[in-house]
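A quick write-up on the structure given underneath.
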Amino acid sequence: MTPHCHWFNTYTPNHTPIQLANNQIIYSVGLGSVRFQPVINGKPGCLLEFERVLHVPDLRNNLLSVLYLTRAKSYIVTIQHDQIFFKRNGALLFTAAINSNNAASINGQVVPMTQFSGMVSTCPLDLTLWHRRFAHLNHGDVKKLIQEDLVKGIVVKSMDLPDPICEPCIAGKQHRSNVSKLASHHASGLLDRHWAVMPLKKKSNAFAAFKHFKAYAENQLNLKIKATRDDKGGEYMPREWDQFCNSEGIHRQHTIRAEPHQNGVAERANRTLVEGITTMLNEAHLPATFWWDAVAAFVHVHNRSPTSAVQGKTPFELWHNSKPDVSHFRVFGCTSYVHVKKDLRRQLESHTQKCVFLGYPAHFKGWTFWNPITCKEVISDSAQFDERVFPGNSRTPVDLQVPSPPETSDPIEQVGVVLDLYDPVTSYYLPFIILTFIYFSLTGS
Ligand SMILES: [Zn+2]
């Protein structure tokens, strides 16, 4: 038994009562295995995996049942002076040292789950799970990721054909099936680019967002933005934007908003994104108010997905010049048990908070969660996930609306697309900007 949820290598929810010495009853919240690196006579022994370990957040110390090891696991345990020896099949597997309080601690250390995070799962590690972890990416592209070795950290234990029915995909995409065909047919263009998204309080903030993006992109890539293209909407037209581009030597091209074929790429990007986040919000049973978290998680995943424009590389690799690691991907909206660090809790307070998984923070290696009790977002690098359970309780299906699709398409290079999503149920009106970087100099396109 342990209070430390971040120790677990495998994990399933579990509710077992445990009676303490003072007759108090506490409960486990999970059950799984913990990896342990023993140290015997100063040298590392064989890596062990303790099975059926209970996760009990209210415990103060870790407890190991010697009776369970001897009766259920065929261990032979001997005590000599201040040392305990744990043998099985004649081999010494680990030892423990007895202290002056007659308590013993095992010699060695736990291997925390983060080193094996790609393998930790409550669902079978198959194509269906990775389809869901990649924001319901089409199955062909999921296979491509694996077969063409486009990313690091995908563990797949079965290449069985995925289930043809995926309810969240149906909820997010089916009623637009004609459009999806159009979108996938002409998938080149904006969809293949590295995306950055920023929420806008008002559309007039688009210029500030562009300046921010320009500084970031140019610094990161050591490249210069030479031209931009936009659709001449009001949000692109403040005079200072023109003056800024003149002084920076950036050529501005405007397409004409009334001409639908010129807007084709932007429309498709919009549609891909809206279908993606509608699917994610429906699977998570979260209301449209979580749209921004879904957008940010979708873009994070999109930048690490295959593209048709550049063979053998993801947008992430083009940007960072290294393969992305996706071992941290989890299904949006799933239940998560977030470890509460020692300095953030009082004695006897739970070591875990049950949250909803919301995505990947931009500048921190970890995950973003929503705590429904405190109604606060939490960022942590230590959590366990149950990808079978979605604690969101929205009963209203999310159906975000976008403008009708263009008749024809033209792969216009477009740097900024200001989009509006409209949720007819809640009447939410959600402006944000997608900024994409086009790799003229990298791809020669
Ligand atoms: Zn799906």
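Position 64 of the sequence shown, counted from 1, bears residue number 62 in our numbering, the numbering being contiguous throughout.
Using N, Cα and C, we set each Cβ at its ideal position, and we do this for glycine too.
The structure presented is a predicted model; accordingly, all values stated were derived computationally and were not measured.
- prompt: Using a threshold of 7 angstroms, is the CB atom of Arg130 nearer than that to any non-hydrogen atom of ligand 1?
  reply: Locating residue 130 in the sequence shown gives position 132, counting from the first residue. The answer is yes for Arg130.
message: Given 7 angstroms as the limit, tell me if His134 has its C-beta closer than that to any heavy atom belonging to ligand 1.
response: Working through the sequence shown from its first residue, we reach residue 134 at position 136. His134: yes, Cβ under 7 angstroms from ligand 1.
- request: Can you tell me which of Ser63, Lys150, Gln351 puts its alpha carbon nearest to the alpha carbon of Lys374?
  value: On the sequence shown, position 376 is the one that residue 374 refers to. For the residues Ser63, Lys150, Gln351, the minimum Cα distance to Lys374 belongs to Gln351.
message: In whole angstroms, give me the CA-to-CA distance for Val447 and Ala204.
response: Coverage of the chain is limited to positions -1 through 443, which leaves residue 447 absent and any answer about it impossible.
message: With H, G and I counted as helix, E and B as strand and the rest as coil, what does DSSP make of Glu385?
response: Position 387 of the sequence shown, counted from the start, is the residue given in the question as residue 385. Coil, per DSSP.
Cβ-Cβ separation, Phe6 to Gln382 (assumed contact under 8 angstroms), whole Å: For the purposes of this step, residue 382 is identified with residue 384 of the sequence shown, where counting begins at 1. For the purposes of this step, residue 6 is identified with residue 8 of the sequence shown, where counting begins at 1. Right, their Cβ atoms sit about 6 angstroms apart.
message: I want to check one thing, is the minimum distance from the CB of Cys332 to the heavy atoms of ligand 1 below 7 angstroms?
response: Residue mapping note: residue 332 aligns to position 334 of the sequence shown, counting from 1. For ligand 1, not one heavy atom lies less than 7 angstroms from the Cβ of Cys332.
field: Test item: CB-CB of Phe388 and Gly357 under 8 angstroms
entry: Here residue 388 refers to the residue found at position 390 of the sequence shown. Here residue 357 refers to the residue found at position 359 of the sequence shown. No, these two residues do not count as a Cβ contact at 8 angstroms.
- request: Please confirm whether any heavy atom of ligand 1 lies closer than 7 angstroms to the CB of Pro166.
  value: If you number the sequence shown from 1, residue 166 lands on position 168. Indeed, a heavy atom of ligand 1 lies less than 7 angstroms from the Cβ.
- prompt: Bridge partners of Asp323, per DSSP?
  reply: Position 325 of the sequence shown, counted from the start, is the residue given in the question as residue 323. Asp323 is bridged to Lys150.
- prompt: Between Pro42 and the rest of its own chain, which residues show a CB-CB distance below 7 angstroms, the 5 nearest in sequence each way excluded?
  reply: Translated into the one-based positions of the sequence shown, residue 42 becomes position 44. Cβ neighbours of Pro42 beyond the five flanking positions: Gln35.
message: Quick check: the Cα distance between Lys321 and Val140, rounded to an integer number of angstroms?
response: In the sequence shown, residue 321 corresponds to position 323, counting from 1. In the sequence shown, residue 140 corresponds to position 142, counting from 1. Rounded to whole angstroms, Lys321 to Val140 spans 16 angstroms at the Cα level.
query: Going by alpha carbons, who is nearest to Glu238 out of Val376, Ser334, Phe208, Asp147?
result: As a position in the sequence shown, residue 238 is number 240, starting the count at 1. Out of Val376, Ser334, Phe208, Asp147, Phe208 has the C-alpha closest to the C-alpha of Glu238.
message: If I measure Cβ to Cβ from Gln107 and keep anything under 7 angstroms in the same chain, skipping five residues before and after, which residues do I get?
response: Mapped onto the sequence shown, residue 107 falls at position 109. Same-chain partners within the cutoff: Gln35.
query: Would the region 268 to 276 and the region 284 to 294 be scored as touching if the rule is three or more Cβ pairs under 8 angstroms?
result: yes
task: Within the same chain, show all residues whose beta-carbon is closer than 6 angstroms to that of Trp128, passing over the 5 residues directly before and after it, in chain order.
output: Within the sequence shown, the letter at position 130 stands for residue 128. Val140.
- prompt: Got a sec, what are the start and stop residues for the alpha helix (DSSP H) Lys200 sits in?
  reply: Translated into the one-based positions of the sequence shown, residue 200 becomes position 202. Element bounds for Lys200: n/a, residue is neither H nor E.
message: Does the distance between the C-beta of Thr276 and the nearest non-hydrogen atom of ligand 1 fall short of 7 angstroms?
response: Stepping through the sequence shown from its first residue, residue 276 is reached at position 278. It does not: the Cβ of Thr276 is nowhere closer than 7 angstroms to a heavy atom of ligand 1.
message: Less than 8 angstroms between the beta carbons of Pro285 and Thr372, yes or no?
response: Within the sequence shown, numbered from 1, the residue matching residue 285 stands at position 287. Within the sequence shown, numbered from 1, the residue matching residue 372 stands at position 374. No, they are not a contact pair.
- prompt: So what's Cys353 in DSSP terms, helix, strand or just coil?
  reply: On the sequence shown, residue 353 is found 355 positions in, with the first residue counted as 1. Looking at Cys353 - three-state DSSP - the assignment turns out to be strand.
Classification of His134 by the beta-carbon crowding that lies within 10 angstroms, buried from 16 upward: Sequence index remark: in the sequence shown, residue 134 carries index 136 (1-based). Buried: at least 16 other Cβ atoms inside 10 Å.
- request: Would you mind working out which of Leu57, Phe48, Pro15, His361 sits nearest Tyr214, comparing C-alpha positions?
  value: For the purposes of this step, residue 214 is identified with residue 216 of the sequence shown, where counting begins at 1. Comparing Cα positions, the closest option is His361.
- prompt: Hey, does Val376 have any beta-carbon neighbour from chain D nearer than 8 angstroms?
  reply: Absent here is chain D; the protein component of the structure consists of one chain.
- prompt: How many Å lie between Ala102 and Arg386 at the Cα?
  reply: One-based indexing of the sequence shown puts residue 102 at position 104. One-based indexing of the sequence shown puts residue 386 at position 388. Looking at the two C-alpha atoms, the distance is approximately 38 angstroms.
message: If I measure Cβ to Cβ from Arg130 and keep anything under 6 angstroms in the same chain, skipping five residues before and after, which residues do I get?
response: The residue you call residue 130 lines up with position 132 of the sequence shown. Result list for Arg130: Val329, in chain order.
query: So, helix, strand or coil for Gln145, using DSSP?
result: The sequence position of residue 145 within the sequence shown is 147, counting from 1. Helix, per DSSP.
- prompt: For Gln35, which beta-bridge partners are listed by DSSP?
  reply: As a working mapping, residue 35 is identified with position 37 in the sequence shown. Looking at the DSSP assignment, Gln35 forms a beta bridge with Gln107.
Whole-number beta carbon distance between Ser31 and Thr8, since they are thought to touch under 8 angstroms: Residue 8 sits at position 10 when you count from the first residue of the sequence shown. Residue 31 sits at position 33 when you count from the first residue of the sequence shown. At roughly 5 angstroms, the Cβ-Cβ gap stays under 8 angstroms, so Thr8 and Ser31 are in contact.
- request: Name, in chain order, the residues that DSSP records as bridge partners for Trp368.
  value: Locating residue 368 in the sequence shown gives position 370, where the first residue counts as 1. Val354, Glu375, per the DSSP bridge assignment.
message: Taking DSSP's pairing of strands, which residues face His53 in a bridge?
response: The residue given as residue 53 occupies position 55 in the sequence shown. Partner(s): Thr0, Gly28.
- prompt: Can you tell which of Trp193, Leu90, His210, Lys212 has its C-alpha closest to the C-alpha of Val37?
  reply: Counting from one through the sequence shown, the residue named residue 37 turns up at place 39. Of the listed residues, the one whose Cα sits closest to Val37 is Leu90.
- request: Identify, in the order they occur along the chain, each residue of the same chain with its Cβ nearer than 7 angstroms to the Cβ of Asp80, setting aside the five sequence neighbours on each side.
  value: Sequence index remark: in the sequence shown, residue 80 carries index 82 (1-based). Cβ within range, chain order: Ala95, Ile96.
field: Burial state of Pro55 (16 or more Cβ within 10 Å)
entry: As a working mapping, residue 55 is identified with position 57 in the sequence shown. Burial call: buried.
field: For Ser245, the first and last residue of its enclosing alpha helix (DSSP H)
entry: The sequence position of residue 245 within the sequence shown is 247, counting from 1. 237 to 246 is the extent of the alpha helix (DSSP H) around Ser245.
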